[in-house]
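**Q** Which chain is which? The protein sequence lines are C and P, in order.
For this note's numbering, add 418 to where a residue sits in the first sequence, where the first one is 1.
For this note's numbering, add 418 to where a residue sits in the second sequence, where the first one is 1.
2 protein chains.
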Amino acid sequence: MTAKRQFSRLPRHVGIIPDGNRRWAKAKGLHPAQGYMVGMERGLAMMDECLDLGIEEVSVYGFTMDNNKRPREQRLAFGAACVKFVEIAQERDIALKIVGDHTSAMFPSVLKPYALERIGTGKLKVNMLVNYGWNWDIQTAVKAQARPEETRGFQDLLASADVSRIDLLVRWGGMRRLSGFLPIQSVYSDFYVVDQYWPDYDHDQFYEALNWYSKQDVTLGG
Amino acid sequence: MTAKRQFSRLPRHVGIIPDGNRRWAKAKGLHPAQGYMVGMERGLAMMDECLDLGIEEVSVYGFTMDNNKRPREQRLAFGAACVKFVEIAQERDIALKIVGDHTSAMFPSVLKPYALERIGTGKLKVNMLVNYGWNWDIQTAVKAQARPEETRGFQDLLASADVSRIDLLVRWGGMRRLSGFLPIQSVYSDFYVVDQYWPDYDHDQFYEALNWYSKQDVTLGG
């Protein structure tokens, strides 16, 4: 709780792209799949950090439809890491929603309840993207709005409608790109890149991102 | 033409966010509006650089619907800068399209022909965003697809449907955010930030961005 005082202004909603699991494993001479389980543990550490800081909402990439082009053993590994994450995370003081196409065979069936509704009433809203696709997300809204009886605007009809605007987006692993991460919620996000691979996550990296964010002015495009 | 040889891999399509015109003017003790006309000249220089390098397509922010919240004299200044840019640019070897809501009073009426169709058959495709809004862009597709006789996918129905996927997005002025810049075309873009204000544009800054881009691997989210 003391850490919060370090920042003059905290983001309400943080997005996380935990990239570099495979590169980390390769650099250590491990199988690429082994990076994901270590990454999952770092995800729990980071979530606990958000809880301590009093951040209200966090959205994190589990895996995407684009990722499904990878070899089967990697797919099994990142799917298993997502399941393990949820298993442990649900014990924390969170409210968890999974955003992703649960009708696909690529979606871990045990996670389906979290895709249907937000589970838990804890103080941190956690949105986990599992079998997520930016095109699928927007198409969901487009198809819904094509129904003549539908009067809600397209943002309220996105598959990710329950995910709010992201203030700060932090990507690990050095790449400076969104890779399809919640494009509507990210239009005004401040984007910070950590060069280290995600399995080398350390809270100081996150603090640096938060410190940088506290110095940005929010204009929402104005 | 020699410059092209410096890069092992050039982006096909470059996006440009020319930010910092007002901060530049303020730092020089000038009126904020004066920054825009200098910025316009830098835009022409950068377009010529793209022509020299053999880049195929460039998209650039003129102004957005969000920007229309600014004082009237600023609005007049950035509108005038866009008109002047088009007036000079159309003499170059380009094919120019303006993407923006031309039905609004905020849209400079003299530019309307460019919003209705691409004008010119030159080798560089230039897309200029004038009175552009990310929400308006996507809503255009949503509304079109709600028509029962419409069979095209939503990406073909965007107001920006004629703008292709962006490979490299370069923002001047130090901010690390998209500010609503073509969200669909930017989902996989590599994002490079130049700290200098746009009116301090120098082609070396652009070369550095291109050099950085040439070392990135393109995965399209895979």
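The beta carbon of each residue, even a glycine, is placed where N, CA and C say it ideally should be.
The model shown is predicted, which means the values in this text are computed figures rather than measured ones.
What residues from chain P crowd round Tyr615 of chain C, counting only those whose CB sits closer than 9 Å?
**A** The contacting residues do not exist; Tyr615 of chain C stays about 15 Å from chain P at best.
**Q** What are the uninterrupted segments assigned as alpha helix (DSSP H) that are 4 or more residues long and contained completely in the stretch 442-507 of chain P, given in chain order?
**A** Those alpha helix (DSSP H) runs which fall completely within the stretch 442-507 of chain P and span 4+ residues are 450-471 and 490-507.
**Q** Shortest alpha-carbon distance to Trp590 of chain C belongs to which of C:Ala564, C:Tyr619 and C:Ala562?
**A** Answer by Cα proximity: C:Tyr619.
**Q** Quick one, which residues of the stretch 559-573 of chain C are near chain P if we go by CB-CB under 9 Å, in chain order?
**A** Against chain P - using a Cβ distance shorter than 9 Å - the residues of the stretch 559-573 of chain C are Ala559, Val560, Lys561, Gln563, Ala564, Arg565, Pro566, Glu568, Gly571, Phe572 and Gln573.
**Q** May I have the straight-line CA-CA distance separating Tyr606 of chain P from Asn553 of chain C, to the nearest angstrom?
**A** If you take the alpha carbons of Tyr606 of chain P and Asn553 of chain C, they lie about 12 Å apart.
**Q** Between Gln563 of chain P and Thr569 of chain P, what straight-line distance do the alpha-carbon atoms span, to the nearest angstrom?
**A** Cα to Cα, the separation comes out at about 7 Å.
**Q** Give me the DSSP bridge partner(s) of Pro436 of chain C.
**A** DSSP, once it has assigned bridges, lists C:Trp590 as partnering Pro436 of chain C.
**Q** Taking 9 Å as the cut-off, decide whether the C-beta atoms of Lys515 of chain C and Asp608 of chain C are in contact.
**A** No. Outside cutoff.
**Q** Quick one: residues in its chain with C-beta nearer than 7 Å to the C-beta of Asp437 of chain C, no 5 flanking neighbours on either side, listed in chain order?
**A** The residues are Arg589, Trp590, Gly591, Met593 and Trp616.
**Q** Determine the contact status of Ser604 of chain C and Gly433 of chain C, defining contact as a CB-CB distance below 9 Å.
**A** Contact: yes.
**Q** Going straight from the alpha carbon of His449 of chain P to that of Arg430 of chain P, what length do you get?
**A** Taking the straight line joining both Cα atoms gives about 37 Å.
**Q** Is Ala523 of chain P helix, strand or coil by DSSP?
**A** Coil.
**Q** Verify the CB distance criterion: does Ile556 of chain P have a CB-CB separation below 9 Å to chain C?
**A** It does: the Cβ of Ile556 of chain P has a partner Cβ on chain C nearer than 9 Å.
**Q** What residue ranges within the stretch 592-640 of chain C form continuous beta strand (DSSP E) runs of no fewer than 3 residues, ordered along the chain?
**A** Those beta strand (DSSP E) runs which fall completely within the stretch 592-640 of chain C and span 3+ residues are 608-612.
**Q** If you run the structure through DSSP and keep just helix, strand and coil, what is Ile512 of chain C?
**A** It is a strand residue.
**Q** Helix or strand or just coil, what does DSSP make of Ile537 of chain P?
**A** Reduced to three states, the DSSP call for Ile537 of chain P is strand.
**Q** Would you grab the beta carbon distance between Ile512 of chain P and Leu471 of chain P for me? Rounded to a whole angstrom, and I think it's under 8 Å.
**A** So it is not a contact: roughly 14 Å between Cβ atoms.
**Q** Helix, strand or coil, according to DSSP, for Leu529 of chain P in the structure here?
**A** Correct three-state label for Leu529 of chain P: helix.
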